[in-house]
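Just so it is clear: in the sequence shown, position 138 is 138 by the numbering used here, and no numbers are missing. Here a beta-carbon is modelled for each residue, glycine too, at the ideal position from N, C-alpha and C. As the structure is a prediction and not an experimental result, all values here were calculated from the model.
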Amino acid sequence: MNNSCTNRLISSIKTEEIQSPIIMVQTGQCSNSVGAENILSLIKASSKSANLIETGCDGLCFLAPKVIIEYPDRTTSVFNNVSAKDIKLITNKLNYNEPKTNSQNIATDLLNNQTRIAMDQCGYIDPVDAKSYISKGGYQGLAKALDMSRDEVVSEIQESKLLGRGGAYFPTGLKLQAVSKAKGKSKYVVINAEEGEPGVFKDRHLIEGIPHRIIEGAIISAYAVNSPQIIFYINAKAKLSLTRLKNAIKQSYKLNLLGKNILGSEYSIEASIVQGAGGYVCGEETTLLNTMEGDRREPRIKPPFPTESGYKYSPTLVNNCETLSNIPFILNNGADSFKRTGVENGYGTKIISLSGSVKRPGVFEIQMGTSIHEVIEKLGGGSEDEKSQFAVSIGGPSSGLLPHNQLHTKIAPGRIHQTGIMLGAGGIVVLKNTNNVLEFIRILAKYNANESCGKCTPCREGTPRIVNMLDKLKPSTNSSQYREELSNLAEVVSSASLCGLGQGAGTPIRSFLHFWPD
1 MNNSCTNRLI SSIKTEEIQS PIIMVQTGQC SNSVGAENIL SLIKASSKSA
51 NLIETGCDGL CFLAPKVIIE YPDRTTSVFN NVSAKDIKLI TNKLNYNEPK
101 TNSQNIATDL LNNQTRIAMD QCGYIDPVDA KSYISKGGYQ GLAKALDMSR
151 DEVVSEIQES KLLGRGGAYF PTGLKLQAVS KAKGKSKYVV INAEEGEPGV
201 FKDRHLIEGI PHRIIEGAII SAYAVNSPQI IFYINAKAKL SLTRLKNAIK
251 QSYKLNLLGK NILGSEYSIE ASIVQGAGGY VCGEETTLLN TMEGDRREPR
301 IKPPFPTESG YKYSPTLVNN CETLSNIPFI LNNGADSFKR TGVENGYGTK
351 IISLSGSVKR PGVFEIQMGT SIHEVIEKLG GGSEDEKSQF AVSIGGPSSG
401 LLPHNQLHTK IAPGRIHQTG IMLGAGGIVV LKNTNNVLEF IRILAKYNAN
451 ESCGKCTPCR EGTPRIVNML DKLKPSTNSS QYREELSNLA EVVSSASLCG
501 LGQGAGTPIR SFLHFWPD
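Okay, structure coming up:
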């Protein structure tokens with residue numbers, strides 16, 4: 001391989017000194033929902049000569065709309081919860097920098113209390129500008145990978161013990177090795193950006209805020225398995241994510257990070273985007289592949305696994321956005337550096353989507369091994385109702401509920417409680433109090449029943465039956481026999497279903513029966 005890819009990357013950009021203040025307006029999907037686009041328009045109208053940049057959200061969603069001014073000396077002024085009345089103050093500050101405000105320090109403290117690998121620089125650079133990403137160390141991991149053999153890249157990722165971050169936590173290095181050694185005329189790398197799970201919005205933050213890191217991780221993975229094609233499978237409802245990803249890919253082609261002989265190497269790679277069919281079940285990798293091929297939205301029977309026979313019956317590597325966003329760090333800093341974070345059974349970090357009855361909702365990247373209590377109290381600011389004994393939904397509709405006295409439970413891959421509760425994709429929803437637990441369980445059960453594709457009988461017939469039994473669960477029917485029947489049904493659905501939706505549909509029921517026996 002060409003051993004000067006790093007030099008070619010560095011020479012592809014010119015780092016220019018900031019001559020005038022830069023105004024960054026965070027316009028991620030969450031920020032836009034509270035008026036960030038309007039703030040952007042007002043700043044444009046008030047200061048037409050301003051150097052204005054749209055960025056993604058930094059994850060501190062409770063502070064949106066957020067505006068940052070970066071001055072030539074690299075100091076900043078930060079404005080949180082901006083409204084129309086603040087526009088004059090912001091434009092006046094283009095000429096001078098005043099001391100930081102208390103609200104600024106809150107944001108700084110929250111960012112400092114995180115360990116940002118996947119989300120590093122998210123919200124603070126132009127998301128689609130490849131040169132901006134490169135100036136912050138981006139694509140260095142790719143350049144190093146291209147100076148290594150494919151086997152060396154696979155070995156480095158295996159050595160890091162990176163686990164997938166989509167919910168199953170399968171070793172990423174093993175997947176790479178399987179596709180690398182698989183025989184086939186063509187191989188594909190598919191990026192799962194469907195994220196149809198309620199209560200989870202981390203991947204959209206990554207795509208909207210720092211898409212080039214995902215692209216870099218995808219290219220490294222494709223190089224490692226010798227695939228000439230990466231395909232982004234993105235939720236059709238994620239319009240802003242789609243726009244920014246398209247523009248970021250165009251930028252990558254312009255800088256020869258995609259296309260023929262990237263960075264002067266012998267390796268060529270193409271990228272394309274497919275819009276998802278929608279629905280929770282489309283997050284399952286074989287269902288995703290079916291819809292890519294125009295088939296029905298349902299899972300395939302495994303084996304064969306996608307690593308052997310995936311897209312177009314070819315060996316296919318399927319990884320989600322967060323997983324891929326960790327790979328550039330590993331290649332750039334080494335596996336040992338990655339393993340300095342997290343815990344032995346789960347190195348690295350996890351991005352948590354925190355919402356519900358919490359004072360500071362947002363997206364936080366924390367080390368594996370952090371307790372749920374620390375996430376809610378230290379980062380989320382605690383429950384909105386401090387006097388209530390709230391419950392927590394963790395892992396989405398395929399997982400379950402934990403009561404207030406179980407918040408010492410630590411963030412970890414796979415199951416975090418004997419009832420089958422899983423971390424999943426990292427969604428945590430705080431319930432205001434425990435009085436509405438049964439109703440919340442009903443909502444989860446109805447969601448799973450509605451999202452069932454209907455292919456396998458246990459899920460198709462069992463999930464509506466669970467809903468029916470929950471609807472009838474009242475003090476008059478709340479006998480030990482009735483609850484045992486409900487528990488048995490949940491177990492049958494979980495153990496006999498074909499894919500993760502049905503296999504997880506019984507977990508909310510089991511957690512409810514375990515923690516709220518009365």
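Spatial distance of residue i from residue j (CA atoms)
{"i": "residue 146", "j": "residue 388", "result": "55 Å"}
{"i": "residue 165", "j": "residue 379", "result": "21 Å"}
{"i": "residue 450", "j": "residue 464", "result": "8 Å"}
{"i": "residue 54", "j": "residue 128", "result": "10 Å"}
{"i": "residue 149", "j": "residue 438", "result": "55 Å"}
{"i": "residue 527", "j": "residue 161", "result": "Nothing about residue 527 can be reported from this structure: the residues present for the chain run from 1 to 518 only."}
{"i": "residue 44", "j": "residue 124", "result": "19 Å"}
{"i": "residue 201", "j": "residue 459", "result": "26 Å"}
{"i": "residue 532", "j": "residue 111", "result": "Lying before the first or after the last residue shown, residue 532 is absent from the chain, which here runs from 1 to 518."}
{"i": "residue 102", "j": "residue 349", "result": "Because the pLDDT at residue 102 is just 45, under 50, the model does not fix this residue reliably, and the value given afterwards should be weighed accordingly. So the two alpha carbons sit approximately 28 Å from each other."}
{"i": "residue 273", "j": "residue 481", "result": "51 Å"}
{"i": "residue 138", "j": "residue 70", "result": "20 Å"}
{"i": "residue 100", "j": "residue 183", "result": "Note that residue 100 scores 46 on pLDDT, short of 50, meaning its location in the model is unreliable and no value can be drawn from it."}
{"i": "residue 321", "j": "residue 483", "result": "40 Å"}
Local conformation of residue i per DSSP, three classes
{"i": "residue 62", "result": "helix"}
{"i": "residue 349", "result": "strand"}
{"i": "residue 128", "result": "coil"}
{"i": "residue 464", "result": "helix"}
{"i": "residue 233", "result": "strand"}
{"i": "residue 201", "result": "coil"}
{"i": "residue 305", "result": "coil"}
{"i": "residue 267", "result": "coil"}
{"i": "residue 242", "result": "helix"}
{"i": "residue 7", "result": "helix"}
{"i": "residue 54", "result": "strand"}
{"i": "residue 33", "result": "coil"}
{"i": "residue 119", "result": "coil"}
{"i": "residue 171", "result": "strand"}
{"i": "residue 442", "result": "helix"}
Top-ranked residue by Cα proximity to residue i, from the options
{"i": "residue 417", "options": "384, 329, 511 and 382", "result": "511"}
{"i": "residue 467", "options": "175, 484 and 446", "result": "446"}
{"i": "residue 448", "options": "351, 239, 462 and 51", "result": "462"}
{"i": "residue 159", "options": "169, 148, 167 and 174", "result": "174"}
{"i": "residue 57", "options": "71, 107 and 94", "result": "107"}
{"i": "residue 314", "options": "421, 296, 185 and 52", "result": "185"}
{"i": "residue 493", "options": "423, 398, 362 and 405", "result": "398"}
{"i": "residue 215", "options": "182, 141, 169 and 433", "result": "141"}
{"i": "residue 282", "options": "452, 507, 52 and 87", "result": "452"}
{"i": "residue 48", "options": "61, 27 and 87", "result": "87"}
{"i": "residue 135", "options": "114, 20, 213 and 276", "result": "213"}
{"i": "residue 329", "options": "268, 19 and 115", "result": "115"}
{"i": "residue 385", "options": "432, 420 and 426", "result": "432"}
{"i": "residue 4", "options": "199, 198 and 265", "result": "265"}
{"i": "residue 517", "options": "341, 506 and 479", "result": "479"}
{"i": "residue 72", "options": "381, 113, 436 and 19", "result": "19"}
Proximal residues to residue i (C-beta, below 7 Å), its chain only, five neighbours per side dropped
{"i": "residue 430", "result": "356, 357, 358, 376, 383, 390 and 392"}
{"i": "residue 306", "result": "285, 286, 289, 316 and 318"}
Cβ neighbours of residue i in the same chain (closer than 6 Å, five flanking residues each side left out)
{"i": "residue 410", "result": "369 and 371"}
{"i": "residue 68", "result": "24, 76 and 78"}
{"i": "residue 456", "result": "497 and 498"}
{"i": "residue 413", "result": "163, 169 and 346"}
{"i": "residue 327", "result": "217 and 220"}
{"i": "residue 299", "result": "284, 286, 287, 498 and 499"}
{"i": "residue 35", "result": "65"}
{"i": "residue 126", "result": "53 and 132"}
{"i": "residue 153", "result": "145 and 224"}
{"i": "residue 403", "result": "391 and 515"}
{"i": "residue 508", "result": "400, 441 and 444"}
Test item: CB-CB of residue i and residue j under 9 Å
{"i": "residue 247", "j": "residue 195", "result": "no"}
{"i": "residue 230", "j": "residue 191", "result": "yes"}
{"i": "residue 91", "j": "residue 31", "result": "no"}
{"i": "residue 80", "j": "residue 63", "result": "yes"}
{"i": "residue 515", "j": "residue 401", "result": "yes"}
{"i": "residue 519", "j": "residue 271", "result": "Here the chain comprises residues numbered 1 to 518, so residue 519 is not present and cannot be evaluated."}
{"i": "residue 249", "j": "residue 258", "result": "yes"}
{"i": "residue 233", "j": "residue 276", "result": "yes"}
Close beta carbons around residue i, own chain, < 8 Å, minus the five adjacent residues each side
{"i": "residue 238", "result": "29, 193, 195, 204 and 207"}
{"i": "residue 226", "result": "150, 180 and 187"}
{"i": "residue 84", "result": "38, 39 and 42"}
{"i": "residue 363", "result": "57, 59, 61, 119, 201, 202, 205, 351, 352, 353 and 354"}
Neighbour flag for residue i against chain C, beta carbons, 9 Å
{"i": "residue 255", "result": "Reference to chain C is not applicable here, since this structure consists of a single protein chain."}
Proximity test, residue i beta-carbon vs the ligand GTP heavy atom, cut-off 8 Å
{"i": "residue 330", "result": "With respect to the ligand GTP, the structure shown offers nothing to examine, as it has no ligands at all."}
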